[in-house]
Each structure stands twice: as structure tokens, then as C-alpha cells.
Ligand SMILES: Nc1nc2c(ncn2[C@@H]2O[C@H](COP(=O)(O)OP(=O)(O)OP(=O)(O)O)[C@@H](O)[C@H]2O)c(=O)[nH]1
Ligand SMILES: [Mg+2]
């Protein structure tokens, strides 16, 4: 029998078409993304094309069957394994089976240089995987979501492996519990720096909070939010130092913020000025220091700022990074600003993207803790002391 071709807007819809026409045991020969309309209709969304045959009937010859498939191999059972929840009479999935599945995925990932894009354009596991194991749909789904959020495939593999080693196999058929377990595992790789507890005396090194970063990342807004946050949450005496005397309008912007917060800003031009103001503000519980933008691809700019800030004792330096920045630029900023001894990062503009995996990757690869998230322009509501669960819930809701 010739394979039949089905097209739909997404994989699930295409597989449902297959299921309706060829039954739930239909065998899938290939799943691929194809242009949605005629060649010139580039504005049309791409579609998913599935080739399938009814159960247990094999084509004499099919160009879509993978080259390494053995003659006796059964091509599919994909619908069951991916999109149908396990039925009551099925055996619970054994841990070794899940581990076997994950091992196969790991092998695929290491064999495939373009694994991430390939995985996303063809979200179904290959038939050698599904032909051998009944993979829980929730696990496949969670894995795809993590990958599509941009979480490093190696980290996804590690997390799912850990989940499979430490979780009762029964949970694999309970979607919400399985997702919770995966979320908890992901949280364990995220380090968090708690400025608040430092402020309360547990680690009394944060009387001075310095905000650094490249241009337009939200440094001044972050200073304003920090000042406002601490004024609102605790009766703190806050001081504001503006060390950005370079950008036109920086001082006016500072004055606008400090007026609204009822603070008197200190504008400093030299390291001596800075030292003097910090000594003068000895009674302040918290001093926020806003700094001029530095280009992470111009290391001497950072060194200059480093010289400016060296005189400050008991400080915590936070690097502001917008969530919209690419991972490579985040890494570069982290490396370039390292002479300033960055202790944590503040992720700004969380509201301007919906993809957050690269933030996880940054923390995971560099062991740098998260200190704050900012997700809007509202002074009072858009600053959040970092919680691993906050980021993880955005990635795997
Ligand atoms: N949507 C959104 N906008 C933000 C956020 N943080 C800052 N912004 C906006 O980003 C722009 C730049 O913010 P600033 O605080 O001036 O950035 P900066 O790093 O001090 O800029 P320079 O001093 O020029 O280097 C402003 O329009 C802010 O309102 C955020 O979390 N979400
Ligand atoms: Mg600024």
C-alpha cells in the first residue's frame, strides 16, 4: 500500500487526521515541516506533513524510511506513544525504559550538529525511539517546551535524566506532577543572590549597591526601583549617587527619579568625589550607585570604570542585562565586566520577550547568581527579588 500524506497546521492536528482516517495504530513514516502555500506565498505559515500507513502494512519501498532502519523494523506507533495518555491496562513505564529513551535522545543530540533546529522543526522523536519505547507524552511535551524556550539541549538532557533517576515511574503518567518535578530539577541549577537578607545583616556587605551595564539596559530605572523597593518594604535611609556624568540627559533623568522618590541625588565626577559622598552618607542603610554605560566590546571602558569604583568599600556590584539580549552578548558582557567583580545579575525587560531559556543557560554556564528581575516600567511593581521558581514557571508553566 502506498503511504498516505496528511497536512495540518501543527503536528498534533496532522496526527489526529491520520488517526481519524487510518486508526490509532497507524504507522508514521515521516513528519516534516513544509511551506504552507505555493512557493511564492511566503507569507503563509508553514504546515506539518505526515506520511502514514495503516497498522502492520509495510510499503514495498519508501524513500522516507530512514536509511538505518532494519528490514523487520516496525516504523511507527507514534500516535499512541506521543499523543495518547497511557491507558489503564498498560504497564507503568519502567524507569529503565525512560532512561533508555533519554540515552537515545542523548545519542541523537550528540550525533546531530543542528540538533536544536532539527528537534523543533520535527518535534516527534524518531521512530527508533518510539518504536522501542512507549514514551510518556508529558515528558516529550516538557522536553520540547524546554528546547523551544532555548534551554541548552545538554542541560535539558541532564535534567530529564535526573528526573528519570529520582522519580517514581508512576508520576510519568501524571502530567502536572511530572512537570512539577521537572520544574524543581531546573530550579536546582539556578543560583540566586539575596540582597535583601544581606541588607538585614546576614551578610552585611551590601550597604552600597552598584549597577553597571551597557547602554540602555535599564541601569538608572533599576536604581530607581531599588530605591523605591527598599523605601516601600523597610524604613530605610536611602542615598542615590549618580556617577553617569557622560550621557546627555543622565543628570536630568536622575533628578526626575529622585524628586519623585523625595531623595537628594549626589552627582560625582571623580573617584575622590565618590569616596567623599560615601563617607558623608555613613548613616544611609543603602546607597545605590548608577554608573555610565560601558561597551562590553571595548574593554578599556570597563577598566576605566573599575578604577573609578575601586575605592568603595562593602559594595555589591550588579550587572544589568536585558532579557532581550542574545546569550553570546550576555556572556560577553559578563566577561567584560568581570574586573568589577560582578556578584549578581539583574535581568531587566523580562516583559519584552517570551523566551527565557538563555537566561537559565547563562546562570548555569557561568555560575553567576540572579539578583533581580524587572518586567515593566512601573516604579513600584516591576522589581522582583530573584526567585528561581519565577523564571522556571515562565519557561515551563
Ligand atoms: N519594558 C521595560 N522597559 C524598561 C525596563 N527597564 C528599563 N526600561 C526602559 O528602558 C529604557 C532605558 O532605561 P534606562 O534606565 O534609562 O537605561 P540605562 O541603562 O540607564 O541607559 P543609559 O544610562 O543610557 O545607558 C527606558 O525607556 C526604560 O523605561 C523593563 O524592565 N521593562
Ligand atoms: Mg542611565
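In the numbering used here, the protein residues as written are 37 to 433. Every residue, glycine too, gets a C-beta built ideally from N, C-alpha and C. Keep in mind it's a predicted model, so treat the numbers as computed, not measured.
Between the alpha carbons of residue i and residue j, how many angstroms are there, rounded?
i           : j           : result
residue 441 : residue 200 : Past the boundaries of the shown model lies residue 441; the chain is included only from 37 to 433, so the question cannot be answered.
residue 152 : residue 363 : Reliability fails at residue 152, whose pLDDT of 42 lies under 50, so the model's placement of it is uncertain and the value that follows must be treated cautiously. Their Cα atoms are separated by approximately 15 Å.
residue 50  : residue 393 : 28 Å
residue 286 : residue 279 : 9 Å
residue 262 : residue 183 : 33 Å
residue 422 : residue 365 : 21 Å
residue 315 : residue 218 : 48 Å
residue 354 : residue 56  : 56 Å
residue 357 : residue 253 : 6 Å
residue 411 : residue 384 : 6 Å
residue 258 : residue 327 : 11 Å
residue 128 : residue 210 : Because residue 128 sits at a pLDDT of 46, beneath the cut-off of 50, its placement in the model cannot be relied upon, and the point is left open.
residue 301 : residue 312 : 14 Å
residue 348 : residue 335 : 21 Å
residue 304 : residue 373 : 21 Å
residue 317 : residue 246 : 15 Å
residue 294 : residue 269 : 18 Å
residue 346 : residue 190 : 38 Å
residue 323 : residue 402 : 27 Å
residue 405 : residue 40  : 52 Å
I'd like the list of long-range same chain contacts for residue i, defined as Cβ closer than 8 Å, with 5 residues on each side in sequence excluded.
i           : result
residue 213 : 207
residue 267 : 274, 297
residue 70  : 43, 82, 83, 84, 85
residue 264 : 297, 415, 416, 419
residue 432 : 178, 181, 182, 185, 215, 218, 219, 222
Pick helix, strand or coil for residue i, following the three-state DSSP scheme.
i           : result
residue 380 : strand
residue 321 : coil
residue 248 : strand
residue 413 : coil
residue 326 : strand
residue 355 : strand
residue 419 : strand
residue 282 : coil
residue 301 : strand
residue 155 : In this prediction, residue 155 scores a pLDDT of 42, lower than 50, which makes its location untrustworthy; the coordinate-derived value is nonetheless stated afterwards. Here residue 155 sits in helix by DSSP.
residue 404 : coil
residue 43  : strand
residue 399 : helix
residue 192 : helix
residue 55  : helix
residue 315 : helix
Given a threshold of 16 other Cβ atoms within 10 Å of its Cβ, counted over all protein chains shown, does residue i qualify as buried or as exposed?
i           : result
residue 249 : buried
residue 89  : buried
residue 159 : Its pLDDT being 38, under 50, residue 159 is placed unreliably by the model, and the measurement read from it follows with that caveat. The residue in question, residue 159, is buried, as its Cβ has 16 or more Cβ neighbours within 10 Å.
residue 59  : exposed
residue 251 : exposed
residue 255 : buried
residue 87  : buried
residue 243 : buried
residue 319 : exposed
residue 408 : buried
residue 165 : For residue 165, the predicted model reports a pLDDT of 39, less than 50, meaning its position is unreliable and no value from the coordinates is stated.
residue 173 : buried
Closer than 6 Å by C-beta to residue i: which residues in its own chain qualify, once you throw out the five before and the five after it? Chain order, please.
i           : result
residue 321 : 272, 273
residue 188 : 397
residue 378 : 353, 355
residue 344 : 307
residue 382 : 258, 354, 356, 407, 408
residue 430 : 392
Once you ignore the five residues that flank residue i on each side, which residues in its own chain have a CB closer than 7 Å to its CB?
i           : result
residue 389 : 359, 360
On a Cα-Cα basis, can you pick out the residue from the options that is closest to residue i?
i           : options            : result
residue 82  : 286, 324, 45, 344  : 45
residue 220 : 282, 430, 339, 425 : 425
residue 325 : 333, 350, 336, 334 : 350
residue 291 : 260, 311, 309      : 260
residue 309 : 226, 216, 180, 281 : 281
residue 331 : 246, 347, 368      : 368
residue 284 : 329, 294, 395      : 329
residue 386 : 428, 373, 173      : 428
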